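The block underneath contains the structure these notes are about, expressed in structure tokens.
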Amino acid sequence: MSTPSPEAIPERELRLALVCYGGVSLAVYMHGITREILKLIRASHVYHSLPAAEAASAEYSDLDGHRGEADTEAVYFRMLQKVGGTIRLRVLVDVIAGASAGGINGIMLARALAFDLSLDDHRELWLNLADVEELLDPDARAGRLSKIYMRPLFWLAKLRLRRAARRQGAVMEPPEMLRNLSLFMRSRWFEPPFSGKRMSEMMLDALESMGDTAGAESGSLLPASLPLELFVTATDFWGHPLTIPLHDPPKINEREHRHLFHFHHHVTADGKVASTLGRDHLPSLAFAARATSSYPGAFPPTRLGEMDALLKQRKTLWRGREAFIRSQFPIPHRKGKRAEDAAFIDGSVLMNKPVSVALEAVRRHTAHRQIDRRLVYLEPNPEINSDAASDMPSFFKTIVGALSSIPRHQPIRDDLDDIGRYNQEVHLHREVANGVRELVLSDMSELLSSELSSLPSAEAIGRKREASNTRAASEAGYAYEGYTRLKVLGLLDELAGLFQEGCVGLEHDEAARQMQAWAYRVGIRPLGSTNIGALDPESAPWVGFLRDYDIRYRLRRVMMLIRRCNELYTDEATRTIPGVSCQLDRLKARLYSSSGRLREHLNWSSLEFKDAFYDEDQCDLIDYFLERVQNHFDLNAFDESLDRELAEWCRELEDLTLVREVLSAYLGFAYYDVLIFPMTQRRDMDALDEIKVDRIAVDDANSLREGGAREILKGVQLESFGAFFSRRFRENDYLWGRLTAAERLVDIVGSSVPEAVAEGLDLVAFKKDLFLSILEAETPHLKEIDAEMAELKRKANSL
1 MSTPSPEAIP ERELRLALVC YGGVSLAVYM HGITREILKL IRASHVYHSL PAAEAASAEY
61 SDLDGHRGEA DTEAVYFRML QKVGGTIRLR VLVDVIAGAS AGGINGIMLA RALAFDLSLD
121 DHRELWLNLA DVEELLDPDA RAGRLSKIYM RPLFWLAKLR LRRAARRQGA VMEPPEMLRN
181 LSLFMRSRWF EPPFSGKRMS EMMLDALESM GDTAGAESGS LLPASLPLEL FVTATDFWGH
241 PLTIPLHDPP KINEREHRHL FHFHHHVTAD GKVASTLGRD HLPSLAFAAR ATSSYPGAFP
301 PTRLGEMDAL LKQRKTLWRG REAFIRSQFP IPHRKGKRAE DAAFIDGSVL MNKPVSVALE
361 AVRRHTAHRQ IDRRLVYLEP NPEINSDAAS DMPSFFKTIV GALSSIPRHQ PIRDDLDDIG
421 RYNQEVHLHR EVANGVRELV LSDMSELLSS ELSSLPSAEA IGRKREASNT RAASEAGYAY
481 EGYTRLKVLG LLDELAGLFQ EGCVGLEHDE AARQMQAWAY RVGIRPLGST NIGALDPESA
541 PWVGFLRDYD IRYRLRRVMM LIRRCNELYT DEATRTIPGV SCQLDRLKAR LYSSSGRLRE
601 HLNWSSLEFK DAFYDEDQCD LIDYFLERVQ NHFDLNAFDE SLDRELAEWC RELEDLTLVR
661 EVLSAYLGFA YYDVLIFPMT QRRDMDALDE IKVDRIAVDD ANSLREGGAR EILKGVQLES
721 FGAFFSRRFR ENDYLWGRLT AAERLVDIVG SSVPEAVAEG LDLVAFKKDL FLSILEAETP
781 HLKEIDAEMA ELKRKANSL
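All the letters of the sequence shown, read from the start, carry residue numbers 1 to 799 under the UniProt record's numbering.
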């Protein structure tokens, strides 16, 4: 069998959505994980920045493709090269959701991904500054005589530990730990011992230490047109009022305490950057990091004034402050409440596992090419409490469990069940589509018979597209009535939501009322008989409305055509056509560009026309708003452009079989959509891709050492505060974060390319190389755990 050229090998995206749990001092361990994820993404970015033929033989060390220290990037690069003989795999992160310690690490990783920045300096941040000595509030710090009566207790504890270690032949816990524990316990009681101001300083310094932003696509680890979304949970202690509609009474008032900070980064196809992760937004990111990690009892709550005071002291401007308040405090701001009055505590209080948040974002993100979509959650301490039994819980255990332990460790079963139902829905939709394919192909064959004696022109494709839409309406019968109503009413509601976003003080109900009033005024509603209207579009205003505004229909059509192209690589009818892979690659490149343009329009947060109607005086000008949206989308021009793209591609071919298959899918989309769209019940589900769930936890990575978090990580001690009391503990957990992530990332990549594994991809060999690379790179920095590192090197070499 001849080896295919690099250009003919199909591409696949392994797209990761990361969910970072809270874990107090286990933030150090999670930093090791996120740093390793960054290295894999950077290696993938460098690999795909090269032409296929060059990437197959390049040496990573010869490339100027990394920022800061480079170690495991070279190993990941070699792994992608090995996989590249079968599948050109691109690994991306496009969604990050974090709480508490996971929120801090998620913020830092998102900024590094957005602008290809380094996390190298954060090693010292966590190892040196995540210490009780650094975190204690100066006013709370114990003096030499503070609570002197407690000193004998720590002397006795030190003696007992020394004797226990001697009996077991183990290394005694470091004296530093008892010293810091004594300082902590003798410091201020009944007020938070840690300094909020110091925490804000650390977060701001950490963000600034990453360096400046490039501000262009070439300086990002994300491809153009792919948005990066970051979500950070917090708890609004006072909450904000929320009105909930009922039947009787008509509405009730509640208070919402969950708060979600949302940041994004997006580079358009022409290089324009819309980002809330850049330099102007560093204080906003630092505030979110401080708020999400404000652990109750350890840190005081935080308000915007704390960051204002810090910036005033440093004589630094917060250029993005007003935009931050407007976007992150929308409901209180619209109700006349001051954002400065909100007080935030730890995000893990109510949302420690923000899986549902990430899942919503995943469903919004469509893919250009064949995709393996993963939701990966980082769980620092997944172990079930070993003392769980049938005993009656004590008084204090009951209180602690009810207020803290149980809510924070509640399983993610509901979210996983939701993902399972979603995946079942995906399989159902594909089953339905496959079931009607032969009927659609039969109808399309009749429709295309007069055109395929020769290659069709763009005008002919456009005429057939309109004829196919009319024919689908005619043959769908009463199903078409429900289909069109779902599309029209859903589109009106979506436009009302966008209209509301741009108008200060406008409630969604009022925006929806104005949009419905407009629809009646211009004749879109009532719809009447949509079967008849589809046959005579000029007499049915709703047809023109969908032509002008239904961007998601166009996106679903392009995505379905891309999926059909992926199938045609191996389809019995087309796989033997000479050069079929190259021909399909050329077509998909055109389709990627088309879907990219549509996705840029759907990125509401970056639409330039929003500012045109943000002024309150413009809020009643719904005609003005819709005109701007229509001109911005220009969907009729998009349809004609796509027709031309297909016609040009057809003229490059000599085999009409492939032309017939592609045009049948394109023109037959109206048939599929009538069946499948009503099944989704969601306008934002533009691409139906299965979501697989993976976990990164030390319990799942036992190549170097058997055991779970309790046996391997030190930060789990003292109710997950352990790493704050010992640098040796922090070094241990940081190292295991990198080792754990390396092993699990190889597993995840391997499961994404079973074809390459079947052809001999040696996953264990790459794990070994990664382990040794990490241990070699960290040796100069981790001086407190020399013995452990030597033992790990021995085990790694024996793999």
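All C-beta atoms in this analysis are idealised placements derived from N, C-alpha and C, irrespective of residue type, glycine included.
Keep in mind the model is a prediction, meaning the values are calculated, not measured.
Item, Value
"Boundaries of the beta strand (DSSP E) in which G98 is found, first to last residue", "R88 to A99"
"Touching by the beta-carbon criterion (3+ pairs, under 8 Å), the region 88-105 and the region 10-17", "yes"
"Cα-Cα separation, F329 to G297", "25 Å"
"Whole-number beta carbon distance between G106 and L230, since they are thought to touch under 8 Å", "6 Å"
"Identity of the residues DSSP links to V693 by a beta bridge", "L375"
"With 16 other Cβ atoms within 10 Å as the buried cut-off, status of R744", "buried"
"For K17: DSSP bridge partner residues", "With the sequence shown as reference, residue 17 is identified as Ala, and Lys is not the correct amino acid for it. V95 and L375, per the DSSP bridge assignment."
"Which residues DSSP lists as bridging residue 800, in chain order", "An answer regarding residue 800 cannot be provided, because it is not within the stretch 1 to 799 covered by the chain."
"Where S49 falls: helix, strand or coil (DSSP)", "coil"
"Rounded straight-line distance, which links the Cα of E466 to that of residue 806", "A question about residue 806 goes unanswered here, because the residues of the chain that appear run from 1 up to 799."
"Where P245 sits in the DSSP three-state scheme", "strand"
"Opening and closing residue of the alpha helix (DSSP H) in which K197 lies", "G196 to S209"
"Cβ-based burial, V674 [other Cβ within 10 Å; buried from 16]", "buried"
"Contacts around A670, its chain only, beta-carbon distance under 6 Å, and the 5 residues preceding and following it disregarded", "S468, N469 and A472"
"Alpha-carbon spacing of T570 relative to T576, whole angstroms", "9 Å"
"Limits of the alpha helix (DSSP H) - the one that I774 falls within", "L763 to E778"
"Where E778 falls, given that 16 or more other Cβ within 10 Å makes a residue buried", "buried"
"Through-space distance from Y549 to A742, alpha-carbon basis", "46 Å"
"Residue interval of the beta strand (DSSP E) (run including L63)", "That residue, L63, is in no beta strand (DSSP E); it is neither H nor E in DSSP."
"As assigned by DSSP and simplified to three states, the class of A787", "helix"
"Beta-bridge partners of R599, as assigned by DSSP", "Answer is none; R599 lacks a bridge partner."
"Reference S294; option with closest CA among G750, I622, F725 and P192", "P192"
"Endpoints, the alpha helix (DSSP H) within which S339 is located", "For the sequence presented, residue 339 should be read as Ala rather than Ser. From DSSP, A339 is part of no alpha helix (DSSP H); its letter is neither H nor E."
"Rounded separation between V746 and N381 - CA only", "21 Å"
"G278 versus F115: straight-line alpha-carbon distance, rounded", "8 Å"
"Cα-Cα separation, K795 to A74", "21 Å"
"Whole-number beta carbon distance between L561 and L591, since they are thought to touch under 8 Å", "6 Å"
"C-beta contact flag for H262 and T235 at 7 Å", "no"
"Straight-line Cα distance separating D694 from R679", "One detail in the question is off: residue 679 reads as Met in this sequence, not Arg. Whole-angstrom Cα-Cα distance: 27 Å."
"Whole-angstrom distance between E322 and Y614, CA atom to CA atom", "Because the pLDDT at Y614 is just 46, under 50, the model does not fix this residue reliably, and the value given afterwards should be weighed accordingly. About 14 Å."
"Beta-bridge pairing of H264 - partner residues as DSSP gives them", "E229"
"Three-state secondary structure assigned by DSSP to V558", "helix"
"Selected residue, minimal CA-CA separation from A288, among P300, L602 and L304", "L304"
"Reduced DSSP category for K315 - H, G, I as helix; E, B as strand; rest coil", "coil"
"Between the CA atoms of R563 and G579 - distance to the nearest angstrom", "19 Å"
"Rounded distance between the beta-carbons of T302 and A291, thought under 8 Å", "5 Å"
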